[in-house]
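Peer 1: Sharing a structure, written as structure tokens. Questions coming.
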RNA sequence: ACAGUUUGUCGGUCUGUCGCUCGUUCUUCGGAACGGGAGGAAAGUCCGGGCAGCACAGAGCGCCAUACUUCCUAACGGGAAGCUAUCGUAAGGUAGAGUAAUGUAACAGAAAAUAACCGCCAUUUUAUAUGGAUUUUCCAUUGGUAAGGGUGAAAAGGUAGGGUAAGAGCCUACCGGGUUGCGUAGUAAUAUGCAAUGCCGUACAUCUUAUGGGCUGUAAGGUCAUGUAUACCGACGUAUGUAGGGUUGCUCGUCCGUUGUCGGGGGGUAGACUGCUAAAGCUUAUUGGUGACAAUAAGCGUAGAUAAAUGACAGACGCUUUCGGAGAAAGUACAGAACCCGGCUUAUAGACGAACUGUUUUA
């Protein structure tokens, strides 16, 4: 396994600063790839190519166990497609903030999340600029 | 064996691939190696305590919580053992301050507490409580009466006798309960014996009495602090064509200052660090105690994230159920630490253990 193909997911790749989150939701564009809603925008701060934020609203899933389950599914599916997102970034030469919001109120199998994530990559290739 | 009561324990395992987080060590600063990484309820946030900040002369009132007794505990509204009442054939379950005062008691019922709808009775002196009539009686009115009456959760302690116009603890005997006094057992609640007292409906609420309670929670609190604006202080420089002020009645002069740069500096936003995990700790054994629990000894060293790690995927096994033939299908709970402990309450597929009770069968 070469150095570039490592599918890690470290703390630096998570969007954690409050002002960044506010900026993303004020300035970002969004689209839906069921069961996920994606919000993204360009980032002009020194950062990894893509910085990610995953959110599962309490209104949709009341139990913490289920919310954790969804967060882990989405995170893993993103992690395994990280290189594709990075490719989009290098294509346009920009860094991106991306938020994944879970909009359904029940659990889905991991394979469905994976399909949704593939679709997101395609849409991003067209929309990001 | 079946039915049940109480109580305790567990609540998946393994392999592979790819990851996350904390600690230690190493490092070519990219990272690498090794080790640790959710629960019995982590939940609800309902009590109690630690810890922290704020408030605080004293007294009274109010508000909230608790309420048989003794004990356990850091503390508690928790627990243990007992007492009384009550439910259950039983193992066991449930409840618990006081009753002086005030209020309420659905439906049903005459009536729900100074009870007269029906019923009973009409008193002393023989001849009548009053009125009427067809006059040993009947009707109405008035008065007395709690013996009897479809109800109800609850009906004015129960039975018998005396008594009476009829009745009534009105009186007596026995029985049930209460209160008071004395004795006995017990630390006590209480039990029990004797005596006195006719004192005698139930439930709930208000109320009364006693005890306890200041408020807020780790997003508390503390430390550092980029940028921006800047109180204040110092130095240097510029202008004298200068706002403003002091000195003064005015002018000049002079001092402060204004403006600029640099340095110091208080407060403090974003953010970072701390709080932050060793604890009234756990396991085992012994001793004391009916028990909760306590003491002693040995061993263990047990998650610390911050938008939030403890995982995702694939496969195998286990367990349960159903089909049926050596396999297949379905299911595999409730639920995710957020400062830390002790409890309570609620959710929980299923599995196992212990003690005890009842019934049946056998010996």
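Numbering (this note's numbering), first residue to last: -15 to 113. We put the beta carbon where it would ideally sit given N, CA and C, even for glycine.
1. Quick one: any contact between the stretch 60 to 75 and the stretch 9 to 22, if contact means 3 or more CB pairs under 8 Å?
2. Around the Cβ of residue 87, are there at least 16 other Cβ atoms within 10 angstroms (buried) or fewer (exposed)?
3. In whole angstroms, what is the alpha-carbon distance linking residue 57 and residue 83?
4. For residue 13, which three-state DSSP category applies?
5. Return yes when the Cβ of residue 89 is within less than 7 Å of the Cβ of residue 50, no when it is not.
6. Is it right to say residue 81 is buried, meaning 16 or more other beta carbons lie within 10 angstroms of its own, or is it exposed?
Peer 2: The answer reads as follows:
1. no
2. exposed
3. 15 Å
4. strand
5. no
6. buried
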